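See below for the structure under consideration.
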Amino acid sequence: MTGSLSLTTIITFVNSLLSIGIAVTAFALLIYIIRYNWRSPVARAFSVLLMCVMFVSMGDAVMYRVVDPEWIERWLRWQWLGIALVPAAYLHFSDEVLRTTNAVSRPRQGIVIGAYVGSLIFIGLAFYSDWVVSSGPLLSAAPHLKAGPLFSLYALCTISAVAVGLINILHARRRCLTPTSRRRMTYLLLSSTGPAFAVFPYLLLSSNVDATVPLLLWLVLLTGNLLIFTMLLVMGYSVAYFGVLAPDRVVKYRLIRFLFRGPLLAITIAAAVAVLIRIEQFLGLPSETITILAIVFFIVLFQIIRGSLQPFMDVLLFQQDRSELDYIRSLSDRLLTSTDLQQFLENVLTAVADLLRVPRVFLASLDADGRWRVRTHVGAVELYSTALAEMRMTTIPASEQGPIGVDGFWVWPLRARGDEELLGALAVAARSSAPDLSELETKRLQTLINQAAIALEDRRLQKEVFAAVERIMPEIDVLQRQRGEVRYIDSPTQPSPDATVAANPEFPNWVKDALSHYWGGPKLTASPLLNLQVVELALPENHDDAPKALRAVLVEAIEQLRPDGERSFTAAEWVLYNILELRFIQGRKVRDIAARLAMSESDLYRKQKIAVEAVAASLSKMEERAVAEVGNEGVKNGHIQESVLKNS
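Under numbering that gives the first Met the number 0, the sequence shown has 225 at position 226, and the numbering climbs by one with no breaks.
Written out as structure tokens, the structure is:
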């Protein structure tokens, strides 16, 4: 008997830890959804289920630490905040999953709303009456309430909601056309009942729990919690893909890394603290000291273990693309930012000044427009203005290696590797009328000159790479958006990327972002608006520069809002145009514009929003005309080709 009770105690302890693990995991997944997936209706519905699981599991975890019967009953009734909401939340979740397949039904939405109303009624009855639950054996091995007269109705509602929810998800799976979408729906179908199983009060179904075998009871609860924990993780993994444009690889890696850093660490610390507190009499330390030491020790140890396991995780997750991913990750360590380049060149100049024992050194780069610009210097910058002006007037021959005497400086050209292209120049204050460098100084100085030239060349090449990436970013965004749109049976044909951009609900926001960076910035150069057909048609007139073409299209859209007649800053019909022209084209401050147009700043912001929406509407009409023009041109070309074929 003692052995049985001892084993029961261990299983009870493990079960309480598992309840903590379920609560922590539900909370972590909730935070993850808020951070990465909140725009997805499926993810938002899933977050309600997670909150239900979190409430109930946390109550189960703390129940065994409460000794006051009054507080035990309070905790048991508070758990009904999650228990009663599950049927409605599950119906809501399954309806949103089915809606992603373009199967929209107003009666289903009405049922979901009615289910939430019914859940609120059950919550009120559980909190303030004995109609659903009443006081039960609160000091037993498994504290629980007794079933009230309406508990059977709640159980029937839960079973019905789970059955309808499974039918909805099964229907959504049948509508999937691709193996990937069907596989994810299968995962969701198999794991979606986890939250309902996690919160249902099974002990209320038995009239005499204490008469059953305690060990068997706890084994069943432990097995159930393990199954629920697994189903919760699988369900979270499936939902993580809804409403995101990132590649599957990124979603998978981000979720697993989040789970490792968050819930797994928290569960490990909770288990360690719970175990150490139970054996505190063997350690001779107070529980507070044990808790602090355990938290610090396991946080450090866990980070070391996680870092050691990271390469193995990468191999398991990204075995096919590992070489490419390693190369991409290494770029972040190798790329030179503007600050990195500045610091590197400062180190080079400091080394040159120390080597030659001179007080003044500067390094200038040659910009694309042929202008010299001082990148970094040692000594007052005013001392270099004359030398820099003379360098601008001097033509450095391609074969010249330096040094060249320029206004009291020795100047060495900095050239690209493999050709004679001039990148910049290193100027050192002359120690004498003619260079008097020793052999050792010449050798070391040449090494530093080569390093500076390589840094300038690498930075220039990186700028070209960044410019290329910036140009293709809109296409990548559209590709990810198209990839994330799963096709289903009876769903409409996917529109072209151009139509998708103009029809997107975020279209007005994209217009506002592009206008806010009208004179340059990532919101213009990487805007999804670059994929518009009207922008593509404007490319030839703008030297095939996509941001410049978008800027021209935005100006045209604004000009279409310009009223007829002479411009006025007081007439009502000119307000929207004046706001757009002054705020975005001229780039004036809000305060100055408000004063010029004789309105308050709050009124200006309100009318600016209306003006941006008007630009978006104008741009949308321009896009429709451009798409129609391209379509007509395609039909015309098709007729020409058909005529040629007939005559050949």
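Positions of the beta carbon are idealized from the N, C-alpha and C atoms, including for glycine. Small disclaimer: the values here were computed from a predicted structure and weren't measured.
Compute the distance between the beta-carbons of Val649 and Gly147, then report whether it is under 7 angstroms. Only positions 0 to 647 of the chain appear in this structure, which leaves residue 649 out of reach.
Rounded to the nearest angstrom, what separates Leu581 and Gln78 at their Cα positions? 58 angstroms
Assuming Ala88 contacts Ala44 (C-beta within less than 8 angstroms), just tell me the rounded distance between them. 7 angstroms
Count the other CB atoms within 10 Å of the CB of Trp518; is the residue buried (16 or more) or exposed (fewer)? exposed
Find out if the Cβ-Cβ distance for the pair Gly423, Ala363 is shorter than 7 angstroms. The criterion of a C-beta distance shorter than 7 angstroms is satisfied by Gly423 and Ala363.
Where Ser490 and Arg595 are concerned, what is the direct C-alpha to C-alpha distance, given to the nearest angstrom? Any answer about Ser490 is weak, because its pLDDT of 44 lies below 50 and its placement is not dependable; what the coordinates show is given next. Computed Cα separation, rounded: 52 angstroms.
Can you check DSSP and say which residues form a bridge with His91? Answer by DSSP bridge pairing: none, since His91 is not bridged.
Beta strand (DSSP E) segment containing Arg374, residue limits: 371-377
Count the other CB atoms within 10 Å of the CB of Trp37; is the residue buried (16 or more) or exposed (fewer)? exposed
Leu45 lies in the alpha helix (DSSP H); which residues open and close that run? As written in the sequence, residue 45 is Phe, which differs from the Leu given in the question. It spans 40-62 - the alpha helix (DSSP H) in which Phe45 sits, taken as one unbroken run.
Please specify which runs of the alpha helix (DSSP H), each continuous and at least 4 residues long, are wholly inside the region 505-560, giving them in chain order. 506-515, 521-524, 532-537, 545-558
Below 8 angstroms on the Cβ atoms is my contact criterion, and I expect Ala125 with Ala83 to pass it. Report the Cβ-Cβ distance as a whole number of Å. 6 angstroms
When the Cα of Ile21 is compared with those of Leu216, Glu72, Leu231, Leu137, which residue comes out closest? Leu231
If you count every other CB in all the chains shown that lies within 10 Å of the CB of Gly58, and 16 or more means buried, which is it? buried
So, under 8 angstroms CB-CB, Phe228 and Thr24 are touching, yes? Tell me the CB distance rounded to an integer number of Å. Rounded, the Cβ-Cβ distance is 7 angstroms, consistent with contact.
Measuring alpha carbon to alpha carbon, tell me which residue in Val96, Tyr127, Leu155, Leu137 is nearest Val66. Leu137
Taking C-beta to C-beta, are Ser39 and Gly242 nearer than 7 angstroms? yes
Nearest to Ala237 by CA position, among Ile268, Leu189, Leu220, is which residue? Checking the sequence shown, residue 237 turns out to be Ser, not Ala. Of the residues Ile268, Leu189, Leu220, the one whose Cα lies closest to the Cα of Ser237 is Leu189.
To the nearest angstrom, report how far apart Gln445 and Leu425 are at their CA atoms. 11 angstroms
Compare the beta carbon distance of Val85 and Val198 with 7 angstroms and say whether it is the shorter of the two. yes
Residues in its own chain within less than 8 angstroms of Thr267 by CB, not counting five upstream and five downstream? Phe297, Phe301
Cβ atoms of Lys606 and Ile578: under 7 angstroms apart, would you say? yes
Pick helix, strand or coil for Ile278, following the three-state DSSP scheme. coil
Assign Gly20 to one of three DSSP states: helix, strand, or coil. helix
Is it buried or exposed for Asp602, if we count other Cβ within 10 angstroms and need 16 for buried? exposed
Here's a check: name, in chain order, each residue in its chain whose Cβ is nearer than 6 angstroms to the Cβ of Phe361, leaving out the five neighbours to either side. So the list reads Val373, His376, Tyr383, Ala426, once near-sequence residues are dropped.
Can the beta-carbon of Phe506 be found less than 7 angstroms from the beta-carbon of Ala615? Yes, these two residues count as a Cβ contact at 7 angstroms.
Could you tell me which residues DSSP pairs with Gly423 in its beta bridges? Ser364, Leu413
Can you tell which of Leu220, Leu149, Gly117 has its C-alpha closest to the C-alpha of Leu16? Leu220
What number of angstroms, rounded off, separates the C-alpha of Ala429 from the C-alpha of Val347? C-alpha separation (whole angstroms): 18 angstroms.
Are the CB atoms of Val116 and Asp94 within a distance shorter than 7 angstroms? no
Please state whether DSSP places Ser133 in a helix, a strand or coil. strand
Taking the straight line between their C-alpha atoms, what separation do you get for Leu97 and Ile122? 27 angstroms
Does the Cβ of Glu622 have 16 or more other Cβ atoms within 10 Å, making it buried, or fewer, making it exposed? buried
Alpha helix (DSSP H) segment containing Ile71, residue limits: 68-77
To the nearest whole angstrom, what separates the beta carbons of Glu600 and Ala593, a pair I think is in contact under 8 angstroms? 5 angstroms
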